[in-house]
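Chemist: Quick note on the working numbering: the sequence shown kicks off at 289 and runs consecutively. Backbone N, C-alpha and C fix where the C-beta goes; we use that ideal spot for every residue, glycine too. First, the structure itself, so that you have it in front of you.
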Amino acid sequence: MAMNKIKTWVDLPPKDLTWSEAMLEIEGVVNEEVSRLMKKRTDQSTELALLLNKSLNIIKRGY
């Protein structure tokens, strides 16, 4: 008997993903970039990191 492969979000076409799954992935990418920018410790990178965080919060809020 063959085991059916369990589909993960990576295997699904975009129309089958939920908003929450997509937001979770976007949030992970933004958090990773913010962490990388904060480690640089320059004014420009810190400013960009804060802008990314604010932008993500607005998107999650929905307006």
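Are the CB atoms of Leu344 and Glu315 nearer to each other than 9 angstroms?
Modeler: Result yes, Cβ atoms of Leu344 and Glu315 sit closer than 9 angstroms.
Chemist: So, helix, strand or coil for Thr334, using DSSP?
Modeler: Looking at Thr334 - three-state DSSP - the assignment turns out to be helix.
Chemist: According to DSSP, is Ala290 part of a helix, a strand, or is it coil?
Modeler: Only weak support is given to the placement of Ala290: the predicted model assigns it a pLDDT of 47, under 50, and the question is left unresolved by the model.
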